[in-house]
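See structure below.
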Amino acid sequence: KSQGSNLNDISISLFNDTNLIAKSSVQNDAIAKTTFTLPANVAINGKITIEDTSLQFDNVLYFNINTPQKTNVLSINSADDNFLKRVFTNDEFKYNASAANQLNYNDIEEQDLIILNELDKIPLSLINTLHTFVNNGGYLLIIPSNNAALTSYNQLFNSKEILFKSFKASEKKITTINYSHPIFKGVFDKEISNFQYPKVNSFYELQSASNAILQFEDNKPFLFQKGTVFVFAAALNTTNSNFKNSPLIVPTLYNIGRQSLQLPKLYYTIGEDNTYDVDISLQQDDILKLKSAEKEIIPLQHTFSNKVTINTSETPSIAGIYEIRNSSTVIKRVSYNYNRIESNLNYLDLSNIEHVNLSQSIPQVFNSIKSETNVNALWKWFTIFALLLLIIEMLILKYFK
Numbered sequence: 158k159s160q161g162s163n164l165n166d167i168s169i170s171l172f173n174d175t176n177l178i179a180k181s182s183v184q185n186d187a188i189a190k191t192t193f194t195l196p197a198n199v200a201i202n203g204k205i206t207i208e209d210t211s212l213q214f215d216n217v218l219y220f221n222i223n224t225p226q227k228t229n230v231l232s233i234n235s236a237d238d239n240f241l242k243r244v245f246t247n248d249e250f251k252y253n254a255s256a257a258n259q260l261n262y263n264d265i266e267e268q269d270l271i272i273l274n275e276l277d278k279i280p281l282s283l284i285n286t287l288h289t290f291v292n293n294g295g296y297l298l299i300i301p302s303n304n305a306a307l308t309s310y311n312q313l314f315n316s317k318e319i320l321f322k323s324f325k326a327s328e329k330k331i332t333t334i335n336y337s338h339p340i341f342k343g344v345f346d347k348e349i350s351n352f353q354y355p356k357v358n359s360f361y362e363l364q365s366a367s368n369a370i371l372q373f374e375d376n377k378p379f380l381f382q383k384g385t386v387f388v389f390a391a392a393l394n395t396t397n398s399n400f401k402n403s404p405l406i407v408p409t410l411y412n413i414g415r416q417s418l419q420l421p422k423l424y425y426t427i428g429e430d431n432t433y434d435v436d437i438s439l440q441q442d443d444i445l446k447l448k449s450a451e452k453e454i455i456p457l458q459h460t461f462s463n464k465v466t467i468n469t470s471e472t473p474s475i476a477g478i479y480e481i482r483n484s485s486t487v488i489k490r491v492s493y494n495y496n497r498i499e500s501n502l503n504y505l506d507l508s509n510i511e512h513v514n515l516s517q518s519i520p521q522v523f524n525s526i527k528s529e530t531n532v533n534a535l536w537k538w539f540t541i542f543a544l545l546l547l548i549i550e551m552l553i554l555k556y557f558k
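First residue of the sequence shown? That's 158 in this note's numbering, and the numbers climb one at a time after it.
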């Protein structure tokens, strides 16, 4: 985006580390764009530079493409899971499924997201293991069975203040979308007031002070989030609901999966609240550091059994590409850029200010000044002539009376 005069074309260069890998140019218009093609599945420590002779700052953008990493998802099934397989595809997720009576409990701690898919009863051993999993930062998605043993479900949730109260065999429509919830960030171009509402034929009444994501027509939750736990209020099998056929199913489940392991984005902005996960199991007393060519910092971090969540805001304070290090080992890289809001020049509208004369060019300014000067000079001469006439009149009256 340019806010200067249309002069020469602007050169744009793309670097991987210090190696120039592509170059292009764009016209110096108000808004211009160009396209670079990057190789797939290749780690890139990127830097985009523009050669703007009129503006010597804000001409560099740092970004990172790390080696692709998959999110681990485990579904514990008592119902068909084909709809889950279609969402959690092999290009982004490592999806595994198991029946509850065949579950290897050692696999649980390696997961980022665990799904309980319509279990009639949750075994006590699984409840205890899931408590540990959630307390260690793991994400849990509950799809209840129509025949759920509510005592076992409520045992799972007793520490999360979530209560399955009763089963209701009546139809309800799902009519309300919480567009501000992070699950739906960037999903919709605009809010939709009328759409083909999915429905359920039976559901559970739930009690929870939680953040509703989808709601029934009576404003009670169909899907809500409490910390790292997501809960549906009804079974999703095709006998009970047509939600699987709704356009909402894919973005809802996909973004729950993406949120369970928040991999570093292309770049972050200094001064904003930024959060991302590093998939690593640290030893006791180990800490992660961010290191660039100029600086090394220890960011705010929360260590779990199989990942570390990093939070940054005002630090780092210098733009650049930072290595995420455990001691001397580089795990991955992350990029930070300065906030570009100061480069968006918002000019004062002088037409709204009283007693201000506007000129469209420098010559017009000088002409206006010259004209005003001439007007002022004429007034001086008129004043002088008036005084002379007054003096002459007084002399005539005095000597020729």
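Ideal Cβ placement from N, Cα and C applies to all residues, glycine included.
Here the structure is a predicted model, which is why all the values come from computation and not from measurement.
By Cβ distance below 6 Å, which residues in the same chain neighbour residue 224 in space, the five residues on each side in sequence not counted?
200
Can you list, in chain order, the residues of its chain with a C-beta nearer than 6 Å to that of residue 172? Leave out the 5 residues immediately preceding and following it.
204
Please report how far the alpha carbon of residue 356 lies from the alpha carbon of residue 273, in whole angstroms.
21 Å
Around the Cβ of residue 294, are there at least 16 other Cβ atoms within 10 angstroms (buried) or fewer (exposed)?
buried
Using a Cβ-Cβ cutoff of less than 7 Å, which residues in the same chain neighbour residue 266 once the five nearest sequence positions on both sides are dropped?
290, 462 and 463
Check whether the Cβ atoms of residue 137 and residue 439 lie closer than 7 Å to each other.
Limits of the chain in this structure are 158 at one end and 558 at the other, which puts residue 137 out of reach.
Could you tell me which uninterrupted beta strand (DSSP E) segments, each at least 3 residues in length, are contained entirely in the segment 218-266, listed from first to last along the chain?
228-234 and 250-256
Work out the CA separation of residue 277 and residue 433 for me, nearest whole Å.
35 Å
Inspect the CB distances between the segment 229-237 and the segment 248-266 and report whether three or more fall short of 8 Å.
yes
So who's on the other strand from residue 459, going by DSSP bridges?
466
Give the single residue among 344, 331 and 301 whose Cα lies nearest to the Cα of residue 323.
301
Name, in chain order, the residues that DSSP records as bridge partners for residue 400.
None; residue 400 has no bridge partner.
Beta-carbon within less than 6 Å of residue 468's beta-carbon, same chain only, minus the 5 sequence neighbours each way: which residues are those?
432 and 457
Alpha-carbon to alpha-carbon, residue 304 and residue 283
18 Å
Select from 344, 269, 176 and 449 the residue whose C-alpha is nearest the C-alpha of residue 474.
449
DSSP has residue 494 in a bridge; who is on the other side?
426
Since residue 332 and residue 360 should fall inside the 8 Å C-beta cutoff, what is the C-beta to C-beta distance between them, to a whole number of angstroms?
Going by Cβ atoms, the distance from residue 332 to residue 360 rounds to 14 Å, so no, they are not a contact pair.
If you follow the alpha helix (DSSP H) that residue 414 is part of, which residue opens it and which one closes it?
406-417
Spatial distance of residue 222 from residue 419 (CA atoms):
14 Å
Within this structure, are the beta carbons of residue 454 and residue 472 separated by less than 7 Å?
yes
Residue 543, DSSP secondary structure in three states:
helix
Here's the rule: buried if 16 or more other CB atoms are within 10 angstroms of the residue's CB, otherwise exposed. What is residue 366?
exposed
CA-to-CA distance, residue 519 to residue 423, given in whole angstroms:
45 Å
When 192, 470 and 411 are compared against residue 244, the one with the closest alpha-carbon:
411
Does DSSP classify residue 183 as helix, strand or coil?
strand
Tell me which same chain residues have a C-beta within less than 7 Å of the C-beta of residue 286, skipping the five on either side of it?
262 and 265
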